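Novice: Protein chains in written order, with our numbering: chain F, 1 to 394; chain U, 1001 to 1394; chain V, 2001 to 2394; chain E, 3001 to 3394.
Glycine included, C-beta positions come from ideal geometry on N, C-alpha and C.
Fair warning: this is a prediction, and the values are worked out from it, not measured in the lab.
4 protein chains.
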Amino acid sequence: MDFSLSPELQALQEKTRRFIAEVVIPYEDDPRQTPHGPAEALRDELVAHARAAGLLTPHGPRELGGLGLSHRAKAVVFEEAGYSPLGPVAMNIHAPDEGNIHLLDAIATPAQRERWLRPLVEGHARSCFAMTEPAPGAGSDPTMLTTTATRDGDDYVIHGTKWFITGAVGARVAIIMAKLEDGAATMFLSDMDAPGIRVERTMDALDACFTGGHSVLRLEGLRVPAENVLGALGEGFRYAQVRLAPARLTHCMRWLGAARRAHDTALAYAARRRAFGKRLGEHEGVGFMLADNAMDLHAARLSTWHTAWVLDQGQRGKHESSMSKVAVSEAVWRVVDRSVQILGGQGVTGETIVMRIFKDIRAFRIYDGPSEVHRWSVARRLLRRAAPPEEGAS
Amino acid sequence: MDFSLSPELQALQEKTRRFIAEVVIPYEDDPRQTPHGPAEALRDELVAHARAAGLLTPHGPRELGGLGLSHRAKAVVFEEAGYSPLGPVAMNIHAPDEGNIHLLDAIATPAQRERWLRPLVEGHARSCFAMTEPAPGAGSDPTMLTTTATRDGDDYVIHGTKWFITGAVGARVAIIMAKLEDGAATMFLSDMDAPGIRVERTMDALDACFTGGHSVLRLEGLRVPAENVLGALGEGFRYAQVRLAPARLTHCMRWLGAARRAHDTALAYAARRRAFGKRLGEHEGVGFMLADNAMDLHAARLSTWHTAWVLDQGQRGKHESSMSKVAVSEAVWRVVDRSVQILGGQGVTGETIVMRIFKDIRAFRIYDGPSEVHRWSVARRLLRRAAPPEEGAS
Amino acid sequence: MDFSLSPELQALQEKTRRFIAEVVIPYEDDPRQTPHGPAEALRDELVAHARAAGLLTPHGPRELGGLGLSHRAKAVVFEEAGYSPLGPVAMNIHAPDEGNIHLLDAIATPAQRERWLRPLVEGHARSCFAMTEPAPGAGSDPTMLTTTATRDGDDYVIHGTKWFITGAVGARVAIIMAKLEDGAATMFLSDMDAPGIRVERTMDALDACFTGGHSVLRLEGLRVPAENVLGALGEGFRYAQVRLAPARLTHCMRWLGAARRAHDTALAYAARRRAFGKRLGEHEGVGFMLADNAMDLHAARLSTWHTAWVLDQGQRGKHESSMSKVAVSEAVWRVVDRSVQILGGQGVTGETIVMRIFKDIRAFRIYDGPSEVHRWSVARRLLRRAAPPEEGAS
Amino acid sequence: MDFSLSPELQALQEKTRRFIAEVVIPYEDDPRQTPHGPAEALRDELVAHARAAGLLTPHGPRELGGLGLSHRAKAVVFEEAGYSPLGPVAMNIHAPDEGNIHLLDAIATPAQRERWLRPLVEGHARSCFAMTEPAPGAGSDPTMLTTTATRDGDDYVIHGTKWFITGAVGARVAIIMAKLEDGAATMFLSDMDAPGIRVERTMDALDACFTGGHSVLRLEGLRVPAENVLGALGEGFRYAQVRLAPARLTHCMRWLGAARRAHDTALAYAARRRAFGKRLGEHEGVGFMLADNAMDLHAARLSTWHTAWVLDQGQRGKHESSMSKVAVSEAVWRVVDRSVQILGGQGVTGETIVMRIFKDIRAFRIYDGPSEVHRWSVARRLLRRAAPPEEGAS
């Protein structure tokens, strides 16, 4: 049991922290930011900075130019990156690319790696992950998948509608989940400019931190050659789990950084602004909120680190990653909400970065499995360990 | 003890409900809505509808064309109006006009009534209330007022900076709080197009429901003739309380309607959308959130009604309105946050009205006294009743 | 809409308040109190005081000597009674007698009234309500009833085990729920000293406020003549609801009084005890807890009053009484827990009455339907109103 | 960063777990348990078992027979011990002896070690820590100390009243905090049977897990020879911190075990008991509580481990131990409260161990610094780091 960081990791942490403070944060007022995320030109400029700093795609495989970080190292570095809404964009570690890179690294063929994964790791292209569907399709229950892939010669022909597809606009690559004629879910790789893929519309969203925003995609007779099947046929849901457990943990890492930023902003204000005869933070009501923030941030970090350690042991960590997802997403939400409250008018306006974090972070309690789904899966696992259903039925 | 509504009030409730449903809600997608609130043209069009329906400025004094509603009647009617973000705009009962009308009705001279109040009640003009200042000025602690009013002949000359001034852009009238040379806070009336008032900038804000948004105002040598002093010299803070206790209660009323809308939207979705083999709402985790919503809405309504009754008895109701402000602002926030959670992706995007309510309602826990200030004033009152400070000091 | 109390009710409130303060509270240190509730002799002495004061069984029917209070009047009077743990005992309005009197008043035959109800109203006898069973029998799900009643000539013969039977030791009367051979639940009246009823043991319990404590009852061939069937055969569950909706509301009333006592005790302490340079209550952290107490008590009272009003309109009020049960039981719990925290060491020891209230009140979140069951029934009702299951199934 | 336990520590964990399960838990129904804790005879019997098992005083110094465990090892072992209310008694690691042993080990002279510390480590004697006083003395604010120590020849003569003194009845040794004539707080060692120490009364308490209960002590002319001053004169408050930071962490460890026991009990019940057509735990409302329990236990453990690691680095860990105290005491409380709720009637009666844990654990949010005091000290530290008071004053 040891909570220390290796000197190498500390150095990388410090380097990332400086990069965010000195290079990225100055871009936060850049006008090339839109309600649907940073413009591609801004994204490219930031990525170039990270590349120059040696901080691009640090989770990517080494042979493609990444730093091959362990889950624990990611926990430390991604938290630093998340300190600015533009940090994960700059370092190419934001959803959905971060998870897609992880997935492709795990299951793509050598040829697929070269064609699809390399440009992602190098930051020269972006990707999207097309799984979620409008009602009555696959939402928090992925088994309700309605998009179909029908074999036709050497190709599969895909029909369906996807929505909440993050980063689709501007992406070069899509990973698409569809079910075969026998109902088995399967993943397919496709260029986004292929005929048969159409961005129907970009959705208005509370967050504005993902390049490309969130879109509705129509898949209308999209042809995918069999060589672009990702992994094995019928293994789509299993791969989704391969992608999701670590992917939701990297959300924990990044959003922890964002929450720390909100807290630091509120703390600086509370240490300076006076009201009713003393500094804001010297009012116990405010001081208690700051203390609760500190405790929530600490707990969120420990939970994330622990799950990262579990994953680094080679375990799948489904239980731990579910618990971290719930605990961290709710803790960081409380932190940001309290920070808004402490800042008062400056928390609900563009006077500070905190309003932006507040809007960006809310959906984290929903995506990658809402709190309710994870609580339920944690509960089922507890019950299963306590007593098999058969016994209980007696 | 009687919780029934009179037949007249029921009829007015029903009429308002129909007006909102049939006339106002169809405007919710109107493109004349901006991040800084509905455009003036849209506002005027909605006001004209309310005027035609006999529902304009229902809290205004009868002799100026209002309906002269009691606080209890307002509780019922304003909740209905709040069911759409555009309802209070249409009926001319939104902040800050609602409170300004109340204040002018209470303390304006007959000549001031005619010149400043009449056009507000008739919906032909809008107003703003210029009290809050940037650090180190008056924020949640109004006694830190820095704006000055200096007597110069028959005029007062005002200098200062105000911010978070809602509705300033497009307003005809400003009520300005400034301190005299002896430090006594005083209210002044001014045309907004007077020389010496300048809108420095409009602030980016989380909410987008107030016509004119929120602005920073520079008062640079603004001349106000002595006849435009509102009420007595040096009574500014007392009048602010005259305005605030009922004003914060009308916020409770309107936002209760908004929260009910969010809940109804989430409930309709939970009753229809299926996941994991049944309707969303049939999952206890979701059902419990719906039940908590129902309980929070109920408690918020009862608290608001009770304080309205206290005010109708002619009491100042400071204790009760503080308790309602905290209890209602936090209850409606929980309701809207849960509604977002139930709706999932549709709660954090423009797919439903709920994202908009979520953004609009957050600041209610801050303005008109943040929860912390009200908790503190409730506590001090409890302590004072329990034991005078002198005793405790022994 | 009117929150005022009639002069008569105010007078009764004041009278009750004085009775509790002057007559009942002095008994709180009486040594005739045991972990299983006040001894019968103490109970009798207290009842005699209430009888003398004209405050005995105020909810009982007038023709049997009660005051025939409306639900709203009960809300006011029972809150006062609950201010002392011994108040409801003295005034004969505690569970289970309070509910049993209500039930018998509603459905007993004239002969049954005379024999069973009269002595209860007069305070000369106590009763118990034998419904709950150990696993796998009827707990929070009453339909799992396992106790059987078999017709045998003019009698029914009852077998089964009941537990958590409050007040059984010392009771003269039992109301027993059992199922007939066709499975239909039915209620039976029995003398407690009848052969075939045996108190197996008294259970150790967290609370100590109910005369007779809580027991396990064995029903072993208990013979009940047909004339002692209470109401119609097979209507047992319906009658349980007749009893429960108002009974759980009277719990709300009494426990509200208890929570007010805890709060008053904590407030008095916080107004007097000094730490870190000022009175405890002047520390915002403590002041906020006091303010939250005030808001919770207020909300609990309004919810209780509202449901009482609904019941007084002749409605069954299932929805409202479920909501009040959850909201009030959780609010008063928070109040008492905060009061303990404010009192520190004096909250977790017999130095104040608050430790006792803390122990007595916890089970209220469980009995008469735990929060979870009520939340679920509120949710189902909401869903049913929003959309019939059939529609949702499409 | 590594969350694994060494093989030795795993073995000790497993050994402790078995000892508790096989030896200690069977004593939980032993009749020699009183409202003021286990009787001395029972305590001695349990201690003999631990001695035989090699598990007695595992935190004690090796040269006196302890195992000299690190803070991290204690975190693991004490959690196991806490799984039974009698575990810490058996292993001689309960408050106040655990902390007193730690304190004496840190600052006693060699002669004092031999005389006072050795019998404590060997389990042949018990001790108490006499610091807290009734109003207006030292409560959560230790600086309000009123007990005096006056030099008289080679002795100090002590006068004062102490209360909430845990374990005083039956203790051989007292550590007494008093202030010298110059006001400097100092610690003194005394035999409990010295003339001048009188147990005025034993207090009724919510908890019943500490041998000897909690008492009021009168110190009336108690003579303490100068050689029995503990450490340096005037360093009393500093030593209290030496004692408290680790002592409150060991509370976290033990109560974490107790909360795990409550959770396991509730889980077993929820996995077996059926209601409304399925196992209790299969109801999402119950399942969510189980999941929240699992997350709270996990977070509490990680927080405790982390602070233990900080202490093992030789740091004082005031910030971390304050955060752990608040976070763990509140988390375990939620766990136990939820477990009560899941168990329903069996949670509020002696049918399960959980009622006992519920009563025992409540005061943990109060002693060793209530949550409010720790939140405040965390806040002050945050503010100090963010900006020195001087800057804020500008």
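Alpha carbon to alpha carbon, how far is V2326(V) from T3016(E)? Give it in angstroms, no decimals.
Specialist: Roughly 42 Å between the two C-alpha positions.
Novice: Taking I2093(V) and P2058(V) to be in contact with their CB atoms under 8 Å, please state how far apart those CB atoms are, rounded to whole angstroms.
Specialist: I2093(V) to P2058(V), Cβ: 7 Å. Contact.
Novice: Quick one: Cα of A2959(E) to Cα of G1257(U), how far?
Specialist: There is no way to answer for residue 2959(E), as the model of chain E reaches only from 3001 to 3394.
Novice: By Cβ distance below 7 Å, which residues in the same chain neighbour A2331(V) in space, the five residues on each side in sequence not counted?
Specialist: Around A2331(V): D2296, A2299 and A2300.
Novice: Using DSSP with H/G/I as helix, E/B as strand and the rest coil, what is V1173(U)?
Specialist: Here V1173(U) sits in strand by DSSP.
Novice: Looking at R172(F): is its Cβ nearer than 9 Å to the Cβ of R126(F)?
Specialist: Yes. Within cutoff.
Novice: Using CA atoms only, rank isn't needed, just tell me which of G2345(V), S2377(V), L2219(V) and L2290(V) is closest to A1294(U).
Specialist: Cα-wise, what sits closest to A1294(U) is S2377(V).
Novice: Quick one: is D2193(V) buried, meaning 16 or more other Cβ sit within 10 Å of its Cβ, or exposed?
Specialist: D2193(V) is exposed by the Cβ-count criterion.
Novice: Measuring CA to CA, which of R3279(E), A3247(E), I3342(E) and A3208(E) is closest to T3360(E)?
Specialist: Contrary to the premise, residue 3360(E) reads as Asp rather than Thr in this sequence. The shortest Cα separation from D3360(E) among R3279(E), A3247(E), I3342(E) and A3208(E) belongs to A3208(E).
Novice: Looking at F3164(E): is its Cβ nearer than 9 Å to the Cβ of I3175(E)?
Specialist: Not closer than 9 Å, so no.
Novice: So the candidates are M3144(E), L3311(E) and Y3027(E); which of them puts its Cα closest to the Cα of K3162(E)?
Specialist: Closest option to K3162(E), Cα to Cα, is M3144(E).
Novice: Check distances from the C-beta atoms of the region 1341–1372 of chain U to those of chain F and list, in chain order, the residues that come in under 8 Å.
Specialist: So the list reads Q1341, G1344, G1345, G1347, V1348, T1349, G1350, E1351, M1355, F1358, K1359, R1362, A1363, R1365, I1366, Y1367, P1370, S1371 and E1372, given in the order they occur along the chain.
Novice: Indicate whether G1350(U) and P370(F) have their beta-carbon atoms separated by less than 9 Å.
Specialist: It is not a contact, given that the beta carbons lie outside the stated cut-off.
Novice: Examine the Cβ distances between the region 1232–1245 of chain U and the region 1070–1085 of chain U and report whether three or more of them are shorter than 8 Å.
Specialist: At 8 Å Cβ cutoff, the stretches do not touch.
Novice: Any chance the CB of R51(F) is under 8 Å from a heavy atom of the ligand FMN?
Specialist: Absent from the structure shown: the ligand FMN. Ligands present: none.
Novice: Name the chain V residues that come within less than 7 Å of S3140(E), Cβ to Cβ?
Specialist: Simply A2275 and G2344.
Novice: Do you know how far the Cα of S2329(V) is from the Cα of V3340(E)?
Specialist: Going from the Cα of V3340(E) to the Cα of S2329(V) covers about 15 Å.
Novice: Looking at the structure shown, is Y3239(E) part of a helix, part of a strand, or coil, going by DSSP?
Specialist: Correct three-state label for Y3239(E): helix.
Novice: Taking its Cβ as the centre, do 16 or more other Cβ atoms sit within 10 Å of A3095(E), making it buried, or is it exposed?
Specialist: Buried.
Novice: Cα separation between Q33(F) and P142(F)?
Specialist: Taking the straight line joining both Cα atoms gives about 32 Å.
Novice: Got a sec: is the Cβ-Cβ distance from A2393(V) to anything in chain F below 9 Å?
Specialist: Any reading at A2393(V) needs caution, since the residue's pLDDT is 42, under 50, leaving its predicted position unreliable; the model's value is listed next. No, A2393(V) lies away from the interface with chain F (no Cβ there is under 9 Å from its Cβ).
Novice: Name the DSSP bridge partner or partners of D3155(E)?
Specialist: According to DSSP, which records beta bridges pairwise, D3155(E) is partnered with D3152(E) and P3225(E).
Novice: Under 9 Å between beta-carbons, which chain V residues line up against M3203(E)? List them in chain order, please.
Specialist: What M3203(E) touches in chain V: G2345, T2349, G2350 and E2351.
Novice: Report the residue from E1320(U), L1064(U), L1219(U) and L1012(U) whose alpha carbon sits nearest the alpha carbon of T1132(U).
Specialist: Ranking E1320(U), L1064(U), L1219(U) and L1012(U) by Cα distance to T1132(U) puts L1219(U) first.
Novice: Leaving aside the five residues before and after A2090(V) along the sequence, list all residues of the same chain whose C-beta is less than 7 Å from its C-beta, in chain order.
Specialist: Closer than 7 Å at the Cβ level, and outside the excluded window around A2090(V), lie V2024, L2046, V2047, H2049 and A2050.
Novice: Please list, in chain order, the residues of the region 1164–1179 of chain U that have any C-beta partner in chain F closer than 7 Å.
Specialist: Correct list: F1164.
Novice: From S3322(E) to S1004(U), what distance separates their C-alpha atoms?
Specialist: S3322(E) and S1004(U): Cα-Cα distance of roughly 52 Å.
Novice: Along the alpha helix (DSSP H) that carries I3101(E), what are the first and last residues, could you check?
Specialist: D3097 to I3107 is the span of the alpha helix (DSSP H), which, as asked, contains I3101(E).
Novice: If we ignore side chains and look at the alpha-carbon of each, how far apart do V2229(V) and C2128(V) end up?
Specialist: Computed Cα separation, rounded: 16 Å.
Novice: Since A149(F) contacts T186(F) with CB under 8 Å, what's their CB separation in whole angstroms?
Specialist: Yes, A149(F) and T186(F) are in contact; Cβ-Cβ is about 6 Å, under 8 Å.
Novice: Which one of A1011(U), E1320(U), I1353(U) and Y1367(U) has the shortest CA to CA distance from E1028(U)?
Specialist: Residue I1353(U) is the option with its Cα nearest to E1028(U).
Novice: Output needed for P3035(E): all residues of its chain with C-beta closer than 6 Å, excluding positions within five of it in sequence on either side, in chain order.
Specialist: Within the same chain, P3035(E) has close Cβ partners A3208.
Novice: Which residue comes first and which comes last in the alpha helix (DSSP H) that contains H1383(U)?
Specialist: Per the sequence presented here, residue 1383(U) reads as Leu, with His not at that position. Its alpha helix (DSSP H) spans residues S1371 to A1386.
Novice: Going straight from the alpha carbon of R18(F) to that of P88(F), what length do you get?
Specialist: Looking at the two C-alpha atoms, the distance is approximately 14 Å.
Novice: Quick check on A3106(E): buried or exposed, where buried means 16 or more other Cβ atoms within 10 Å of its Cβ?
Specialist: That one is exposed.
Novice: Compute the Euclidean distance between the alpha carbons of E2235(V) and F3364(E), then round it to the nearest angstrom.
Specialist: Using only the alpha carbons, I get a separation of about 48 Å.
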